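Numbering (this note's numbering), first residue to last: 54 to 280.
For each residue, glycine too, the CB sits at the ideal point set by N, CA and C.
If you're wondering where the values come from, they're calculated on a predicted model, not measured in any experiment.
Encoded as structure tokens, the structure appears first; notes follow it.
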Ligand SMILES: *Cc1c(COP(=O)(O)O)cnc(C)c1O
């Protein structure tokens, strides 16, 4: 193993152990939590090393970068699952539906329309999560908490979209716990099981509040390369 490979394998083993421990504390099975390895702005060598560990679930926040990282690689990785965790423009819906297995950032009706049309045209049906802007930050994507119930009802009734869960990115400067608790409550009252929440610095808290998907980048791969 190269130095890079062993370092990444060790980082992943440590994160998986911390996930298992947090799950245990919360009285949940570790298998209930999926590690989404966020490979955005990482080097080819690090991504190859992560694939070599057996990690198969990855997250990317831009369509084009995801294609660069994964279109070729995934031809030999039939069991991999790619999550879109960044905002999606409607004009990229078709490419996103082709490239991703899970789209975590549905947050407006116009995008639902574009996704439904792309799914019909491609015959592909990625899982959908609804992104919620729990901190009501003007610069951040996601539907506002007050609109979540109506939005989900509308997806079900008019677009035949059954979301798998909710996703949030808490404000950087705040305690994440209240945001995770809020997302959990909204998912529960809407009958949704999936909760994509928790990143490198707060995934253990997220697991305590029921996270089913933790999205971890730097704690697995190391610091990102600036764009
Ligand atoms: C980049 C990113 C992550 C990973 O963040 P880290 O702090 O590096 O773990 C998680 N979720 C989203 C939406 C991201 O854009």
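Residue i beta carbon near ligand 3 (any heavy atom closer than 7 Å)
i	result
residue 252	Annotation note on ligand 3: not contained in the displayed structure, which lists ligand 1 as its ligands.
Continuous alpha helix (DSSP H) stretch holding residue i: start and end
i	result
residue 101	97-105
residue 87	Run containing residue 87: none in the alpha helix (DSSP H); it sits in the beta strand (DSSP E), 87-91.
residue 226	Premise fails: residue 226 is in no alpha helix (DSSP H) and is neither H nor E.
residue 272	271-274
Opposing strand residues paired with residue i [DSSP bridges]
i	result
residue 221	185
residue 136	112, 155
residue 196	185
residue 180	155
Residue of the options minimising C-alpha distance to residue i
i	options	result
residue 129	140, 107, 63	107
residue 97	164, 122, 91, 76	122
residue 224	124, 189, 184, 154	189
residue 144	131, 168, 137	168
residue 279	93, 65, 62	93
residue 228	243, 257, 239	257
residue 193	209, 171, 220, 210	220
residue 164	109, 182, 67	182
residue 86	100, 178, 110	110
residue 136	91, 213, 126, 178	91
residue 263	177, 59, 240	240
Whole-angstrom distance between residue j and residue i, CA atom to CA atom
i	j	result
residue 218	residue 273	24 Å
residue 82	residue 260	11 Å
residue 149	residue 268	19 Å
residue 186	residue 140	12 Å
residue 215	residue 204	11 Å
residue 207	residue 74	38 Å
residue 104	residue 120	16 Å
residue 156	residue 112	10 Å
residue 209	residue 133	28 Å
residue 76	residue 197	29 Å
residue 89	residue 211	30 Å
residue 172	residue 162	15 Å
Coil, strand or helix - residue i by DSSP
i	result
residue 265	coil
residue 61	helix
residue 170	helix
residue 75	helix
residue 203	helix
residue 80	coil
residue 68	helix
residue 214	coil
residue 124	coil
residue 252	coil
residue 278	coil
residue 190	coil
residue 237	helix
residue 94	coil
residue 144	helix
residue 117	helix
residue 208	helix
residue 164	helix
Endpoints, beta strand (DSSP E) assigned at residue i
i	result
residue 248	247-249
Any C-beta of chain D under 8 Å from that of residue i
i	result
residue 116	In summary, chain D is missing from the structure at hand, where a single protein chain is found.
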